[in-house]
Structures are given as C-alpha cells and as structure tokens.
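Okay, structure first, notes after.
Protein chains: 2
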Amino acid sequence: MKKLRIKDIADGLKISKTAVSFILNGKAEEKRISEELVERVEKYIQEVGYRPSPIARGLRTGKSNIIGLMVESISDPFFATIARLIENEAYKEGYRIIYCSTDNDTEKTKELINVLKDRNVDGYIISPPPGVEKEVNELIKAGMPVVMFDRYLPKVKTDYVVIDNEPSAENATKYLIRQGYSNIGMITFSSSLTQMKGRLKGYKNALKEEGLKPYVLEIDFTPEEKVMVQTIREFLVANPKLDAVLFGAIQAGSCGLKAMTQMKLKVPEDLAVISFDDHDIFELFATPVTAIAQPIEKIAHKVIGLLLDRLDAEGGAAEPREVVLKTKMKIRGSSVVKNSKKYLESK
Amino acid sequence: MKKLRIKDIADGLKISKTAVSFILNGKAEEKRISEELVERVEKYIQEVGYRPSPIARGLRTGKSNIIGLMVESISDPFFATIARLIENEAYKEGYRIIYCSTDNDTEKTKELINVLKDRNVDGYIISPPPGVEKEVNELIKAGMPVVMFDRYLPKVKTDYVVIDNEPSAENATKYLIRQGYSNIGMITFSSSLTQMKGRLKGYKNALKEEGLKPYVLEIDFTPEEKVMVQTIREFLVANPKLDAVLFGAIQAGSCGLKAMTQMKLKVPEDLAVISFDDHDIFELFATPVTAIAQPIEKIAHKVIGLLLDRLDAEGGAAEPREVVLKTKMKIRGSSVVKNSKKYLESK
DNA sequence: CTGAAAGCGCTAACAC
DNA sequence: GTGTTAGCGCTTTCAG
Numbered sequence: 001m002k003k004l005r006i007k008d009i010a011d012g013l014k015i016s017k018t019a020v021s022f023i024l025n026g027k028a029e030e031k032r033i034s035e036e037l038v039e040r041v042e043k044y045i046q047e048v049g050y051r052p053s054p055i056a057r058g059l060r061t062g063k064s065n066i067i068g069l070m071v072e073s074i075s076d077p078f079f080a081t082i083a084r085l086i087e088n089e090a091y092k093e094g095y096r097i098i099y100c101s102t103d104n105d106t107e108k109t110k111e112l113i114n115v116l117k118d119r120n121v122d123g124y125i126i127s128p129p130p131g132v133e134k135e136v137n138e139l140i141k142a143g144m145p146v147v148m149f150d151r152y153l154p155k156v157k158t159d160y161v162v163i164d165n166e167p168s169a170e171n172a173t174k175y176l177i178r179q180g181y182s183n184i185g186m187i188t189f190s191s192s193l194t195q196m197k198g199r200l201k202g203y204k205n206a207l208k209e210e211g212l213k214p215y216v217l218e219i220d221f222t223p224e225e226k227v228m229v230q231t232i233r234e235f236l237v238a239n240p241k242l243d244a245v246l247f248g249a250i251q252a253g254s255c256g257l258k259a260m261t262q263m264k265l266k267v268p269e270d271l272a273v274i275s276f277d278d279h280d281i282f283e284l285f286a287t288p289v290t291a292i293a294q295p296i297e298k299i300a301h302k303v304i305g306l307l308l309d310r311l312d313a314e315g316g317a318a319e320p321r322e323v324v325l326k327t328k329m330k331i332r333g334s335s336v337v338k339n340s341k342k343y344l345e346s347k
Numbered sequence: 001m002k003k004l005r006i007k008d009i010a011d012g013l014k015i016s017k018t019a020v021s022f023i024l025n026g027k028a029e030e031k032r033i034s035e036e037l038v039e040r041v042e043k044y045i046q047e048v049g050y051r052p053s054p055i056a057r058g059l060r061t062g063k064s065n066i067i068g069l070m071v072e073s074i075s076d077p078f079f080a081t082i083a084r085l086i087e088n089e090a091y092k093e094g095y096r097i098i099y100c101s102t103d104n105d106t107e108k109t110k111e112l113i114n115v116l117k118d119r120n121v122d123g124y125i126i127s128p129p130p131g132v133e134k135e136v137n138e139l140i141k142a143g144m145p146v147v148m149f150d151r152y153l154p155k156v157k158t159d160y161v162v163i164d165n166e167p168s169a170e171n172a173t174k175y176l177i178r179q180g181y182s183n184i185g186m187i188t189f190s191s192s193l194t195q196m197k198g199r200l201k202g203y204k205n206a207l208k209e210e211g212l213k214p215y216v217l218e219i220d221f222t223p224e225e226k227v228m229v230q231t232i233r234e235f236l237v238a239n240p241k242l243d244a245v246l247f248g249a250i251q252a253g254s255c256g257l258k259a260m261t262q263m264k265l266k267v268p269e270d271l272a273v274i275s276f277d278d279h280d281i282f283e284l285f286a287t288p289v290t291a292i293a294q295p296i297e298k299i300a301h302k303v304i305g306l307l308l309d310r311l312d313a314e315g316g317a318a319e320p321r322e323v324v325l326k327t328k329m330k331i332r333g334s335s336v337v338k339n340s341k342k343y344l345e346s347k
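Here the protein sequences come in this chain order: A and B. For the first sequence, position 178 matches number 178 in the UniProt record's numbering, and the numbering has no gaps at all. For the second sequence, position 101 matches number 101 in the UniProt record's numbering, and the numbering has no gaps at all.
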C-alpha cells in the first residue's frame with residue numbers, strides 16, 4: 001500500500017485533479033461543482049484513506065497549519081500545562097503545535113524563531129526572553145500573528161496575556177502585614193522580564209505604604225538547584241530579623257523551603273511564607289503553603305483564542321489586545337496570624 | 001529583505017545552482033568541488049543569511065529532520081522532563097522534535113501517527129498506549145526507526161528503554177517487610193501496560209515469598225483527581241488492617257497522600273508509604289516520602305541515542321535492542337522501621 | 001565544475 | 001465542470 005497522491009484520486013474517479021483539489025479545499029461551491037460529485041469524492045477519499053501531503057501543500061501555499069510555541073522550558077510544570085491545554089484547543093481547529101524551549105536565552109530564541117520561520121509556521125505563541133524585540137517585530141511586520149504570555153516585551157505591539165502581577169504581590173504583602181508580620185523579605189529571580197518586575201514592584205508598594213523596610217534577594221536562575229538553595233540560606237542567615245518571605249516564583253519557593261528545612265527553620269513560626277504559583281501538592285507539605293495561583297486554564301484558553309482569532313482574521317492587523325487576568329491567593333497554613341493561638345499551639 | 005533561494009546564491013556568486021546544492025549537502029568532495037569555492041560559498045551564505053527551505057527539501061527527499069515524540073501527556077512532569085532532555089540532544093544533531101500527547105487513547109494515537117507520517121517525520125519515540133501494535137508494526141515495516149520507552153508493546157519488535165519494574169517493586173515490598181510491616185497494600189492504575197503489570201507482579205512476588213496476603217487496588221486514571229482520591233479513601237476504609245502501601249505511580253501516590261491527609265492518617269505511624277517515581281519536593285512533605293526514582297536523564301539519553309543510532313545506520317534493520325535500567329530507592333521517613341524508636345518518639 | 005532538466009505533491013490561474 | 005500548465009524550492013542525474 002503505497003502513498004496516494006491527488007492524481008490517484010482523480011484517476012480512480014475518472015475526474016480531474018483540479019476538481020479534487022477544489023473539493024479538498026472547500027471551494028466546491030465557489031467553483032460550481034455539483035454536490036453529487038463532492039459526495040462521491042469525499043466518500044472515495046474516505047474509502048481509500050487518502051490524506052493530502054501537508055508538505056507539498058505547504059511548499060505551494062506557504063501555510064503549514066502549524067503553530068510555534070516557545071516557552072522557557074517545556075519541563076516547567078506551568079509551561080507544560082499551558083502547552084498541553086493549547087495543544088488540545090489548537091488540535092480541534094486543525095492546527096498542530098511545535099514546541100521549543102528557549103532556556104530564556106536570547107540567542108537560542110533568535111535561532112529558534114528562524115527554525116520556525118523556515119518551517120513556515122502560521123503563528124507564534126511566545127513567552128519571550130529579553131532582547132528579542134527586533135526579531136519579534138520583524139515577524140509582526142511580515143504579517144505573522146504573534147501572541148505573548150506570562151511576560152511581554154513592552155516595545156513590541158502585539159497581543160499578550162499576563163496576570164496582574166503587581167496587585168497580586170501587593171495584596172499578598174499587605175496580607176502578611178495584616179497577619180502581623182513586619183520584616184517581610186522577597187526572594188525572586190533577577191530578571192528584567194515584566195512579570196518579575198511587576199511582582200517586585202507590588203511588594204515594594206505595599207511596604208512603602210506601611211513604612212516598612214524591604215529585604216530583597218534577587219537570585220540568578222540556574223538549573224543547579226543547590227546553588228540557589230545555598231544563596232537563599234546565606235540571605236536568611238544575613239537577615240535574621242525576617243519574619244516572613246514572599247517568593248516570586250515557584251522555583252524560588254521550592255528552593256527557599258528546602259533552605260529553610262535544612263536550617264531547621266519552622267514555617268510559619270520562624271518564617272511565614274507565601275509563594276507565587278500554586279501546585280496541588282503544596283497541600284501535602286509539612287505546613288501547607290499559601291500560594292498565588294495563576295488561572296492556568298484561562299491563560300491557555302485566552303492565548304490560543306487570540307491567536308486563532310488572528311489566524312482567521314487573515315488580513316487586517318487588528319489593534320494589539322492586552323489581556324490581564326486575575327490571580328487567586330490560596331490561603332494555607334504558612335501565613336497564619338503571627339503569634340496566633342494556632343501558631344502558639346503548634347510549638 | 002525577501003526570502004532567499006538557492007538560485008539567488010548561485011546568481012550572486014555567478015556559479016551554478018548545482019554546485020551550491022552539492023556544497024550545502026556536504027557532497028563537495030565527492031563531486032570534486034574545489035575547497036576554494038566551498039569556502040567562498042559558505043562565506044557568502046553566512047553573509048546574506050541564506051537558509052535552505054526544509055519544506056522544499058522535505059518534499060524532494062522525503063526526509064524532514066523531525067522526530068515525532070508521543071507521550072501520554074506532555075504536562076506530566078516525568079514526560080515533560082524526558083521531552084526536554086531529548087529535545088536538547090536531538091537539537092545538537094540537527095533534529096527538531098514534534099511532541100504530542102496521546103492521553104493513552106488508542107484511537108487518538110493512531111490518528112497522531114498518521115499526522116506524523118504525513119509530516120514525514122524521520123523517526124518515532126513512543127510511549128505507547130495499548131492497541132496500537134498494528135500501526136507501529138507498519139511503521140517499522142516501512143523502515144521507520146521507532147523507539148519505545150516507559151512501557152513497550154510485547155508484540156512489537158523494536159528498541160525500547162524501560163526500568164526494571166518488577167525487581168524494583170519486589171525490592172520495595174521486601175524492604176517494607178523487613179521494616180516490620182506485614183499488611184502491605186498496593187495502589188496502582190489498572191492498566192495492561194507492561195510497566196504497571198511489572199510493578200504489580202514484583203509486589204506479589206515479594207508477598208508470596210513471605211506468605212503474606214496481597215491487598216490490591218487498581219484505579220482507573222482520570223483527570224478528575226477527586227474521584228481517584230475518593231476511591232483510595234474507600235479502599236483504605238475497607239482495609240483497616242493495612243499498615244503499609246506501595247503506590248504504583250506518582251499520581252497514585254499523590255492522590256493517596258491526599259486521601260490519607262483527609263482521613264487524618266499519619267505517615268508512617270498509621271500507614272507506611274513507598275511510591276514509584278520521585279520528585280524532589282517529596283523531601284518537603286510532612287513526612288518525606290520514600291520513592292523509587294527512575295533514572296530520568298539516563299532514560300532520555302538512551303532513548304535518543306538508540307534513535308539517532310538507527311537514523312545514522314540508514315539501511316540495516318538491526319536487531320531490536322531492549323534496554324532495562326535500574327531504579328534507585330530513595331529511603332525517607334515514610335517507611336521507617338515499624339514501632340521503631342524514631343516512630344515512637346514522633347508520637 | 002556547469003547547465004539543463006525532471007520531479008517531489010499540491011494549488012490555482014487560464015482557456016475551454 | 002475539465003484539462004493543462006506553471007511553479008513553490010530543492011535534489012540529483014546526465015551530458016558536457
């Protein structure tokens with residue numbers, strides 16, 4: 001059973017290649033092809049199991065029915081979940097996804113954009129590292145739909161979906177203050193990316209309003225977790241007055257909790273904790289961790305929605321749409337009222 | 001700046017298209033093209049930033065430089081991590097990856113195989129659901145390199161990489177017995193897949209050797225976690241004699257621990273726990289969980305190694321290679337000696 | 001080394 | 001509705 005071509009269908013049915021092609025591309029009506037023939041062709045295609053070659057079609061049309069999805073790392077649970085949800089919705093619309101991991105590396109990302117461009121992807125979903133403004137802008141100028149998420153590039157005018165980082169961090173910090181904490185640190189990744197800057201700003205806003213002093217540790221992300229744990233330990237040792245910490249991302253939170261475990265610091269007695277990003281197993285921790293949960297499903301849905309929208313729209317470069325979604329703070333044991341009864345009992 | 005074609009290079013350099021193509025494909029020597037010209041062409045290509053169209057090349061050659069990676073769900077941390085590692089190694093060899101999630105659904109998988117076939121992927125990495133033997137065998141018969149991992153299809157003769165599920169489960173169970181537990185349950189997913197069957201068998205072997213009674217719960221996997229938690233709760237209520245549980249997979253373990261938390265069962269006082277699959281945050285749990293860790297890096301490395309090997313080999317259908325890797329049991333607090341001093345102290 | 005030419009499978013314009 | 005044809009960009013054979 002060898003590969004069928006459009007010619008085989010035409011010959012098998014004793015009609016013209018053209019007709020088959022038109023029917024395949026939904027131009028039957030436009031080209032005044034009889035319904036009867038359309039049905040006959042569709043039935044035959046079913047029977048013999050013909051599937052047009054997307055490669056040949058791609059070469060001819062320049063379209064690929066593929067969406068390029070670039071995230072920091074596909075092994076990150078947040079991105080993996082988003083990828084999965086996007087894949088599902090895209091699939092229903094006949095689009096496939098090619099993912100790739102940027103490692104948040106500018107040069108690698110530029111190269112990956114080229115790879116995707118070569119493959120003629122029809123649209124891009126990018127969680128961009130810094131420094132790729134030029135390349136992304138060129139894509140947009142070339143008429144490519146581009147949607148960013150998680151963070152965005154302020155100098156690039158296109159759709160994006162993010163969460164309200166600043167108010168979320170501000171709320172969480174104020175919440176800690178209301179719970180009685182006054183020496184509140186923030187441990188986050190050093191980054192020029194919008195989401196990290198927003199979180200830091202929100203934290204600082206809250207402290208400034210209350211006249212409290214900020215304690216900030218910005219660590220460089222590295223796959224060497226031990227390095228990050230060690231950095232956090234040193235910070236905690238250097239700042240013994242801290243009674244609460246806000247973590248700017250789940251990886252920071254997880255490293256921080258490890259550092260605290262190693263130092264035998266108790267949560268929340270010695271240090272209250274709130275972390276950005278939620279994970280359901282937070283509930284199983286020695287002290288369940290209060291977390292700022294991102295609306296993952298909604299993010300994925302919005303992202304692919306915006307992209308499909310542009311893909312359909314075809315022509316007009318619509319105004320960039322900026323979607324900001326709300327987070328939800330899941331309050332758990334790691335941030336109970338300072339010196340509360342519950343806190344004292346647990347001693 | 002429009003898209004460059006091979007003709008533009010030839011014209012720009014005032015040489016023939018053919019020569020450029022030969023040089024591009026590393027056939028310069030074979031075709032007796034002077035080194036001087038090769039250098040000139042390479043330099044020019046660099047300068048103008050020409051990149052051959054993989055689509056046109058694919059149409060012509062039938063090769064795509066793409067590897068299809070099919071896993072149960074790309075959002076599963078185990079698969080996401082493997083995917084990431086494979087992506088990295090493949091990238092270095094000039095291969096791109098297209099991932100897709102099968103949901104362990106037979107029909108969906110068949111369709112996805114077709115999609116990948118249409119895209120002319122050069123090789124397949126599959127963590128297969130049951131029931132796709134025929135389709136996979138057809139791929140192999142068509143000369144496609146196929147590597148399976150995590151589980152395999154006994155009726156399909158091709159390379160695979162798995163772990164030693166049976167001995168691992170047997171060891172873990174025997175370990176629990178040595179720790180003084182005698183009513184040991186196993187909670188796992190109902191599945192005809194090799195890895196699950198191996199784990200169950202190992203557990204039963206250990207019990208039989210010691211003349212102990214098995215208590216098995218096989219749950220159907222569902223994305224509705226609450227359903228699984230509830231099922232486990234009912235099982236635990238129905239079997240109050242249990243003093244230890246072996247979980248057959250991390251999702252089962254995580255649901256089980258949630259069920260136990262809800263029921264206020266203490267680990268390991270009321271129930272000792274060992275789970276297949278490790279996660280570094282297990283250390284942060286109220287009681288750190290003893291886990292059977294898979295050598296993820298090694299698995300990924302082997303998988304892509306086997307595939308690249310076949311991709312290079314070109315011709316001969318080498319003998320199927322079956323790689324079985326060892327797991328490592330990470331002993332933590334959830335499986336301490338029954339009634340041990342440590343155990344009693346913690347009361 | 002060159003130049004011409006065929007062909008991968010498909011789309012779509014054109015004349016009928 | 002059909003049949004023809006060009007062409008997407010590339011590889012590769014063949015004769016020179």
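Cβ coordinates follow ideal geometry from the N, Cα and C atoms, glycine included. Since the model is a prediction, treat every value here as computed from it, not as a measurement.
Interface with chain B (8 Å Cβ-Cβ cutoff): A/F247 is excluded.
Taking the Cβ atoms as the reference, A/M329 lies roughly 16 Å from A/T287, outside the contact range of under 8 Å. Within chain B, the residues placing a beta-carbon under 7 Å from that of A/T81 are S75, ordered along the chain. B/N165 is outside the set of residues whose beta carbon lies under 8 Å from a beta carbon in chain A. The alpha helix (DSSP H) runs lying completely inside the stretch 137–217 of chain A and spanning 4 residues or more are 165–178 and 194–210, given in chain order.
Under the Cβ criterion of 8 Å, B/V115 is counted among the residues facing chain A. Excluding sequence positions up to five before and after A/L271, its CB lies within less than 7 Å of the CB of L242, D243, A244, V245, M260 and L265, all in the same chain and listed in chain order. Our two residues, B/G123 and B/E87, have alpha carbons roughly 13 Å apart in a direct line. About 28 Å separates the Cβ atoms of B/V162 and A/R96, ruling out a contact at the 8 Å cut-off. Collapsing the DSSP output to three states places B/L13 in a helix. The Cβ-Cβ distance between A/I281 and B/I281 falls below 8 Å.
With a cutoff of 8 Å on beta-carbon distance, A/K17 and A/A28 are scored as not near each other. Residue ranges of uninterrupted beta strand (DSSP E) with 3 or more members, entirely inside the stretch 97–139 of chain B and ordered along the chain, are 123–126. Annotation for B/M70: the continuous beta strand (DSSP E) segment containing it runs I66 to V71. Per DSSP, B/M260 is one residue of the alpha helix (DSSP H) stretching across I250 to Q262. When CB distances to chain A are screened at a threshold of 7 Å, the residues of the stretch 261–278 of chain B falling below it are T261, in chain order.
Within the stretch 282–310 of chain A, those residues whose Cβ lies closer than 8 Å to any Cβ of chain B are, in chain order, E283, L284, F285 and A286. In the DSSP annotation of this structure, the continuous segment of the alpha helix (DSSP H) that includes A/K298 starts and ends at I296 to A313.
Note that the C-beta distance between B/M70 and B/I126 is below 8 Å. Sixteen is the threshold: since fewer than 16 other Cβ atoms of the shown chains lie within 10 Å of the Cβ of B/Q262, the residue is exposed. With the criterion set as a beta carbon lying under 7 Å from some beta carbon of chain B, the members of the stretch 52–76 of chain A are S53, P54, I55, A56, G58, L59, S73, I74 and S75, in sequence order. Only those residues of the stretch 150–181 of chain A whose C-beta falls short of 8 Å from the nearest C-beta of chain B would be listed, and there are none. Counting along the chain, the unbroken beta strand (DSSP E) around B/T290 starts and ends at T290 to A293. Taking the C-beta atoms as reference points, A/H301 is found no nearer than 8 Å to A/P77.
Secondary structure note for B/V324: its beta strand (DSSP E) is the uninterrupted segment E322 to L325.
Within the DSSP bridge table, the entry for A/F285 names B/F285 as partners. Contact of B/N120 with chain A is assigned, a C-beta pair being separated by under 8 Å.
Contact annotation: the stretch 179–193 of chain B touches the stretch 201–221 of chain B, with at least three C-beta pairs closer than 8 Å.
For A/A56, the uninterrupted alpha helix (DSSP H) segment begins and ends at P54 to T61. Here B/P240 is exposed: its Cβ has fewer than 16 other Cβ atoms, across all protein chains shown, within 10 Å.
Against chain A, a Cβ distance below 9 Å from B/K258 picks out D280, I281, E283 and L284. Using a Cβ-Cβ cut-off of 8 Å, A/E87 counts as an interface residue toward chain B, since at least one Cβ of chain B sits closer than that to its own.
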